[in-house]
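Colleague:
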Amino acid sequence: MKEKDLPIDLTKHKVYSKNAKKCVQKLLKRYYDEKTAARLWEKVQLQYCEYLKDEPALKGLKITTSIYDPILIFAWYAVIPDKPALEEVQQDIYQSFFGSFELMGKVFDLNRKPDNKLASKIFQKANDIRVEEIKRFPESFRMGSCSYDKENGIIRYSFTQCPNAEFAKRHHMEDVLPVLCNCDHLAMQAIHAALIREGTCVTSDCCDYCIVGNKNSNAKEYELTKTDNGLWISVKK
Numbered sequence: 012m013k014e015k016d017l018p019i020d021l022t023k024h025k026v027y028s029k030n031a032k033k034c035v036q037k038l039l040k041r042y043y044d045e046k047t048a049a050r051l052w053e054k055v056q057l058q059y060c061e062y063l064k065d066e067p068a069l070k071g072l073k074i075t076t077s078i079y080d081p082i083l084i085f086a087w088y089a090v091i092p093d094k095p096a097l098e099e100v101q102q103d104i105y106q107s108f109f110g111s112f113e114l115m116g117k118v119f120d121l122n123r124k125p126d127n128k129l130a131s132k133i134f135q136k137a138n139d140i141r142v143e144e145i146k147r148f149p150e151s152f153r154m155g156s157c158s159y160d161k162e163n164g165i166i167r168y169s170f171t172q173c174p175n176a177e178f179a180k181r182h183h184m185e186d187v188l189p190v191l192c193n194c195d196h197l198a199m200q201a202i203h204a205a206l207i208r209e210g211t212c213v214t215s216d217c218c219d220y221c222i223v224g225n226k227n228s229n230a231k232e233y234e235l236t237k238t239d240n241g242l243w244i245s246v247k248k
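In case it helps, my numbering puts the sequence shown at residues 12 to 248.
1) Within a Cβ cutoff of 6 Å, which residues of the same chain sit near MET184, ignoring the five residues on either side of it in sequence?
2) Grouping DSSP H, G and I as helix and E and B as strand, with all else coil, what is GLU209?
3) Use the C-beta contact count for PRO174: other C-beta atoms within 10 angstroms, 16 or more gives buried, fewer gives exposed.
4) Does CYS221 come out as helix, strand or coil in the three-state DSSP assignment?
5) So, with DSSP's three-state summary, where would you put MET115?
6) Can you give the Cα-Cα distance for LYS9 and LEU63, rounded to whole angstroms?
7) Tell me the DSSP bridge mates of SER156?
8) Note the first and the last residue of the continuous beta strand (DSSP E) segment covering SER245.
9) I think ALA42 touches ASP93, with their Cβ atoms under 8 Å apart; what is that distance to the nearest whole Å?
10) Below 9 Å between beta carbons: does that hold for PHE170 and CYS217?
11) Per the contact definition of three or more C-beta pairs closer than 8 Å, is the stretch 202-210 in contact with the stretch 224-234?
12) Taking 6 Å as the limit between beta carbons, can you name the residues of its chain near GLU53, skipping five residues before and five after?
13) The beta strand (DSSP E) spanning THR76 covers which residue range?
14) Can you tell me where the beta strand (DSSP E) with GLU14 in it begins and where it stops?
15) For VAL190, is the classification buried or exposed, using 16 other Cβ atoms within 10 angstroms of its Cβ as the cut-off for buried?
16) Exposed or buried, which one is GLN102 when buried takes at least 16 other CB atoms within 10 Å?
17) Just mark SER158 as buried or exposed, buried being the case when its beta carbon has 16 or more other beta carbons within 10 Å.
18) What's the gap between the Cα of SER111 and the Cα of ILE133?
19) Taking DSSP as the reference, what is the three-state secondary structure of GLU99?
20) Our contact map puts GLY72 next to PHE148 with C-beta atoms below 8 Å; I'd like the distance itself, whole angstroms only.
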């Protein structure tokens, strides 16, 4: 089904991105024959539309792919009859969401002070945008804190409400959420950084980001550990 024909209220919502579509179709073709994959893709599309009927209207956000693309991933997992281990598709979903970070990593290194400082400004800008947006869209990302320790090159950033986490809880798909959350770690690794995260909006009272260059002494104090449901968290050594 063509995206223009999907029964979506476009005054409230947006269609998933081309990257997300490419990712899901690739996964379907990996596990199923061409005819079955095509049939399942249409079911995924319809499930996506069904989910949107009860979702808060967030089309007006400046950054929408971080909300609508995950819903397509949830729809894919809900529809497929054979559930693969999510760790098998982790890299595929990461490439869909953060593939550009691989290119960035060739010129961008958070161990370098200028790059580290620039990254802090990018996070501050994202924070400022979302602080304003929550006034119009109370179901969007609700920010917790944002700060920059220039001397030690530490970027701190958090939010206390995540639409992806809220969606997962509403639909009892908390075990699928880690395949999305884990992408943050892979993205930071691609730009020579470490994400120190001890909890998310499902496992804790906030999703915390502490970002440093991967050569920073703080990075060496933690190790990445996988929880029972596949979420990567940082545990102090």
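Even for Gly, the Cβ is constructed at its ideal location relative to N, Cα and C.
Modeller: Taking the geometry as given:
1) As a working note, residue 184 is residue 173 in the sequence shown. Counting only residues of its own chain and dropping the five nearest sequence neighbours on each side, MET184 has a CB closer than 6 Å to the CB of PHE85.
2) Locating residue 209 in the sequence shown gives position 198, where the first residue counts as 1. GLU209 carries a coil assignment under DSSP once its states are collapsed to helix, strand and coil.
3) Counted from its first residue, the sequence shown places residue 174 at position 163. It counts as buried.
4) Here residue 221 refers to the residue found at position 210 of the sequence shown. Note: CYS221 maps to strand in three-state DSSP.
5) Position 104 of the sequence shown holds residue 115. If DSSP states are grouped into helix, strand and coil, MET115 belongs with the helices.
6) Residue 9 lies beyond the range of the chain shown here (12 to 248); nothing can be said about it.
7) For the purposes of this step, residue 156 is taken as residue 145 along the sequence shown, with counting starting at 1. Per DSSP, the beta-bridge partners of SER156 are SER169.
8) Counting from 1 along the sequence shown, the entry for residue 245 is found at position 234. Looking at the DSSP string, the run of the beta strand (DSSP E) that includes SER245 is 243-247.
9) Numbered from 1 along the sequence shown, position 31 holds the residue referred to as residue 42. Numbered from 1 along the sequence shown, position 82 holds the residue referred to as residue 93. For clarity, residue 42 is Tyr in the given sequence; the question names Ala instead. Rounded, the Cβ-Cβ distance is 6 Å, consistent with contact.
10) As a first step, residue 170 must be located in the sequence shown, where it is residue number 159. As a first step, residue 217 must be located in the sequence shown, where it is residue number 206. Yes; because the gap between Cβ atoms is below 9 Å, this pair is in contact.
11) Yes, since at least three Cβ pairs between the stretch 224-234 and the stretch 202-210 fall closer than 8 Å, the two stretches touch.
12) For the purposes of this step, residue 53 is taken as residue 42 along the sequence shown, with counting starting at 1. Excluding residues within five positions, the ones whose Cβ falls inside 6 Å are MET12.
13) Residue numbering aside, residue 76 sits at position 65 when the sequence shown is read from its first letter. In this chain, THR76 is not harboured by any beta strand (DSSP E); it is covered by the alpha helix (DSSP H) spanning 76-90.
14) Locating residue 14 in the sequence shown gives position 3, counting from the first residue. In the DSSP assignment, GLU14 falls outside any beta strand (DSSP E), carrying neither H nor E.
15) As a working mapping, residue 190 is identified with position 179 in the sequence shown. With 16 or more Cβ atoms within 10 Å of its Cβ, VAL190 is classed as buried.
16) Counting from one through the sequence shown, the residue named residue 102 turns up at place 91. Of the other Cβ atoms in all chains shown, fewer than 16 fall within 10 Å of the Cβ of GLN102; this residue is therefore exposed.
17) Locating residue 158 in the sequence shown gives position 147, counting from the first residue. By the 10 Å Cβ count, SER158 comes out exposed.
18) As a first step, residue 111 must be located in the sequence shown, where it is residue number 100. As a first step, residue 133 must be located in the sequence shown, where it is residue number 122. Those two C-alpha atoms are separated by around 15 Å.
19) On the sequence shown, residue 99 is found 88 positions in, with the first residue counted as 1. Helix, per DSSP.
20) Against the sequence shown, residue 72 aligns to sequence position 61. Against the sequence shown, residue 148 aligns to sequence position 137. Note that residue 72 is Leu in the sequence shown here, rather than Gly. Yes, LEU72 and PHE148 are in contact; Cβ-Cβ is about 6 Å, under 8 Å.
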